[in-house]
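Chemist: Below is the structure I would like to discuss, written out as structure tokens.
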């Protein structure tokens with residue numbers, strides 16, 4: 001990570017010389033960068049600035065999730081309150097099962113079971129169907 005920061009700083013300094021990019025000017029920039037880094041480091045130490053992170057850190061959302069859950073529990077979003085609804089969904093049913101046609105669900109499940117059972121016959125079932133035909 002430290003090298004990535006150094007490369008970024010070098011690119012920023014090199015972009016400052018514009019069209020005058022040659023070996024001589026590049027060496028001047030690199031030497032100037034070393035002196036600039038020393039000045040910045042000294043300034044940061046004098047002012048008590050914490051150094052930049054030099055390594056990649058592990059990304060963890062555990063604390064974020066805990067904070068979010070705490071906030072949601074604090075305002076009781078999952079507790080039923082009569083008349084509470086979102087203005088974007090005024091006609092939204094409280095339960096997803098409320099408007100569900102159970103006859104259609106049963107037909108759909110039976111069709112899936114039939115399709116699944118055809119494609120997953122056991123060896124004994126295949127032998128029986130071969131003997132019958």
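Residue numbers (our numbering): 1 to 133.
In this text, a Cβ means the ideal position worked out from N, Cα and C, and glycines have one as well.
(1) Three-state secondary structure (DSSP) at residue 111?
(2) Quick one: grab the DSSP three-state call for residue 73.
(3) Mind checking which residues open and close the alpha helix (DSSP H) that includes residue 50?
(4) Could you have a look at residue 36 and say whether DSSP puts it in helix, strand or coil?
(5) So, with DSSP's three-state summary, where would you put residue 14?
(6) Alpha carbon to alpha carbon, how far is residue 27 from residue 34? Give it in angstroms, no decimals.
(7) Are the beta-carbon atoms belonging to residue 13 and residue 29 less than 7 Å from one another?
(8) Check whether the Cβ atoms of residue 99 and residue 93 sit closer than 7 Å, and answer yes or no.
(9) Please report how far the alpha carbon of residue 91 lies from the alpha carbon of residue 81, in whole angstroms.
(10) Using only CA atoms, which one of 46, 45, 10, 47 lies nearest to residue 32?
Modeler: Looking at the coordinates:
(1) Your numbering for residue 111 matches position 111 in the chain shown. Of the three classes helix, strand and coil, the one that applies to residue 111 here is helix, per DSSP.
(2) In the chain shown, the residue the question calls residue 73 occupies position 73. It is helical.
(3) As a working note, residue 50 is residue 50 in the chain shown. Segment: none, residue 50 is in no alpha helix (DSSP H) and carries neither H nor E.
(4) Counting from 1 along the chain shown, the entry for residue 36 is found at position 36. Residue 36 falls in the helix class under three-state DSSP.
(5) One-based indexing of the chain shown puts residue 14 at position 14. Looking at residue 14 - three-state DSSP - the assignment turns out to be helix.
(6) Position 34 of the chain shown, counted from the first residue, corresponds to residue 34. Position 27 of the chain shown, counted from the first residue, corresponds to residue 27. Taking the straight line joining both Cα atoms gives about 11 Å.
(7) Along the chain shown, one-based indexing puts residue 13 at 13. Along the chain shown, one-based indexing puts residue 29 at 29. Going by C-beta atoms, residue 13 is nearer than 7 Å to residue 29.
(8) Indexing the chain shown from 1 puts residue 99 at position 99. Indexing the chain shown from 1 puts residue 93 at position 93. Closer than 7 Å, so yes.
(9) For the purposes of this step, residue 91 is taken as residue 91 along the chain shown, with counting starting at 1. For the purposes of this step, residue 81 is taken as residue 81 along the chain shown, with counting starting at 1. Cα to Cα, residue 91 sits roughly 16 Å from residue 81.
(10) In the chain shown, the residue the question calls residue 32 occupies position 32. Nearest of 46, 45, 10, 47 to residue 32, Cα basis: 10.
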